[in-house]
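In the working numbering, the protein residues as written are 670 to 1035.
Written as structure tokens, this is what we have:
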């Protein structure tokens, strides 16, 4: 979460707060050993760093200092400072739910399970939390099994997302080999819960019912072997374009020209692409389950959760919804685009960073 931590750090500096950014530094991991680099990095993170900030915290005023943990995954460090004023930002518990063997979640290795249990033990000692969604708050309280001081503050847009004109966006997209407008768009990595294979299956099924099918642009990670296999067995494979980790300007241009963002994740902590797309006037088709339907409010279109139907039935239903968006009259499309823009303006009248500061100050004044 370096970008998230940096945004908080710079905002607090801008507001005139005395703020320091503490993070592990390379000590043992500087040694030139490829085989041991990972394990030497663990020594830096989990032995050297906690020892150093424990000493540094001893010399700071307890009543005037608050310790901000920017991710609950820093739980292994939280236990060292849980008796001091603190707040923990909670994003998602996907890895922890996998470690606990929740149905539908992939299994972790023995070391992965051990690591997640240490994280849980650490953040469970904290008392003050900021969660990115009501769904994350609900899950946090289930893990804590007690009451705590929890505020829900949704993520802010962390880049200047807004609709740019097609005249400005077209050359940006042409430069990466995207030559058509009004395409379907997916944004995300290859994590299992992003459901990228489901995106492809639904899109390829859509192509069979739309004789002039719109292309699909998938921005994020390179395709997996399974995704390549799906495409190799389809006559519509040339309609799919992968754009691997492009710069921000390409992503904003894609949102500004897309017919819709198709974002049928299995689960999320928040679902940043939803608000990014809406801020650029791009309609969204996402999963009818929290937090996706929570983040998108009543301006997004919803597809059933993949676990609620057979794979075939879900693919057919998602393809039908894509077809509906493809055939939508221009004035109707413009209307839902405007609704999304208005929703984002209303949602972020006060920045999340300002809300964070208010929460921090409340803890400091206790």
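We put the CB at the ideal spot given by N, CA and C, even for glycine. This structure is a prediction, so every number in the text was calculated from the model and none was measured.
- request: Below 8 Å on the Cβ atoms is my guess for residue 831 versus residue 948; work out the distance and round it to an integer in Å.
  value: Between the beta-carbon of residue 831 and that of residue 948 there is about 6 Å, and that keeps the pair under the 8 Å contact cut.
field: residue 771 - DSSP class collapsed to helix/strand/coil
entry: Residue state, collapsed to three classes: coil.
field: Beta-carbon gap between residue 794 and residue 721 smaller than 7 Å
entry: Not closer than 7 Å, so no.
query: Roughly how many angstroms separate the alpha carbons of residue 797 and residue 863, rounded to a whole number?
result: Cα-Cα distance, rounded: 30 Å.
- request: Could you tell me whether the Cβ atoms of residue 856 and residue 823 are closer together than 7 Å?
  value: Not in contact: residue 856 and residue 823 (Cβ atoms no closer than 7 Å).
task: Give the secondary structure of residue 841 by DSSP, where H, G and I count as helix, E and B as strand, and everything else as coil.
output: Three-state result, residue 841: helix.
- request: Following the continuous alpha helix (DSSP H) through residue 964, name the residue where it begins and the one where it ends.
  value: Going by DSSP, residue 964 is part of the alpha helix (DSSP H) stretching over 961-965.
task: Return no unless some Cβ of chain C is closer than 7 Å to the Cβ of residue 998.
output: The structure shown has no chain C; it contains just one protein chain.
query: How far does the beta strand (DSSP E) with residue 970 in it reach, from first residue to last?
result: Where residue 970 is concerned, the enclosing beta strand (DSSP E) stretches over 970-972.
- prompt: Per DSSP, residue 799 forms a beta bridge with which residues?
  reply: According to the DSSP secondary-structure assignment, residue 799 is paired through a beta bridge with 758 and 820.
- request: Take residue 1005 and list the residues in its own chain whose beta-carbon comes closer than 6 Å to its own, dropping the five residues that flank it on each side.
  value: Shown here for residue 1005: same chain residues with a beta carbon closer than 6 Å to its own, the five before and five after excluded, namely 952 in chain order.
query: Applying the criterion that 16 or more other CB atoms from any shown protein chain within 10 Å of the CB defines a buried residue, is residue 960 buried or exposed?
result: Residue environment: residue 960 is assigned as buried (16 or more neighbouring CB atoms within 10 Å of its CB, all protein chains considered).
field: Neighbour-count burial assignment, residue 950, 16 or more Cβ in a 10 Å radius
entry: Answer is buried; the Cβ neighbour count reaches 16.
C-alpha gap between residue 745 and residue 1021, whole angstroms: So the two alpha carbons sit approximately 26 Å from each other.
message: Measuring straight from C-alpha to C-alpha, what distance separates residue 927 and residue 1019?
response: A direct Cα-Cα distance of roughly 28 Å separates residue 927 from residue 1019.
- prompt: Would you report the Cα separation of residue 861 and residue 792, rounded to the nearest angstrom?
  reply: So the alpha carbons of these two residues sit roughly 25 Å apart.
Alpha helix (DSSP H) segment containing residue 722, residue limits: Looking at the DSSP string, the run of the alpha helix (DSSP H) that includes residue 722 is 718-727.
query: Among the residues of its own chain, which have a CB less than 6 Å from the CB of residue 912, if the five just before and after it don't count?
result: For residue 912, where only same-chain residues beyond five positions count, the Cβ hits under 6 Å are 845 and 888.
- prompt: What's the C-alpha gap between residue 776 and residue 859?
  reply: Those two C-alpha atoms are separated by around 16 Å.
task: Keeping to the same chain, check which residues put their C-beta closer than 7 Å to that of residue 966; ignore five residues upstream and five downstream.
output: Closer than 7 Å at Cβ, skipping near neighbours: 1012.
query: Alpha carbon to alpha carbon, how far is residue 690 from residue 699?
result: If you take the alpha carbons of residue 690 and residue 699, they lie about 21 Å apart.
Collapsed DSSP secondary structure at residue 847 in the structure displayed: DSSP places residue 847 outside both helix and strand once states are collapsed to three, so it counts as coil.
field: Separation of residue 1000 from residue 771, as counted between CA atoms
entry: Straight-line Cα distance between these residues: approximately 44 Å.
message: With the cut-off set at 7 Å, would you say residue 972 and residue 990 are in Cβ contact?
response: Cβ distance < 7 Å, so residue 972 and residue 990 count as in contact.
- prompt: Apart from the five residues on each side of it in sequence, which residues of its chain come closer than 8 Å, Cβ to Cβ, to residue 787?
  reply: Within its own chain, the residues whose Cβ lies closer than 8 Å to the Cβ of residue 787, once the five positions on either side in sequence are excluded, are 744 and 745, listed in chain order.
Residues of its chain near residue 697, where Cβ-Cβ distance is below 6 Å and the 5 sequence neighbours each way are ignored: Answer for residue 697: 709, 712 and 713, listed in chain order.
message: Between 737, 983 and 890, which has its C-alpha nearest residue 1033's C-alpha?
response: The candidate whose alpha carbon is nearest that of residue 1033 is 737.
message: Tell me the residue span of the alpha helix (DSSP H) that contains residue 921.
response: It spans 917-926 - the alpha helix (DSSP H) in which residue 921 sits, taken as one unbroken run.
- prompt: Beta carbon of residue 820, beta carbon of residue 1028: below 7 Å?
  reply: Yes, they are a contact pair.
message: Would residue 878 and residue 997 be called neighbours here (beta carbons separated by less than 7 Å)?
response: Residue 997 sits away from residue 878, with the two beta carbons spaced by 7 Å or more.
task: Find the nearest neighbour of residue 763 within the set 774, 924, 975 and 755, judged by alpha-carbon distance.
output: Ranking 774, 924, 975 and 755 by Cα distance to residue 763 puts 774 first.
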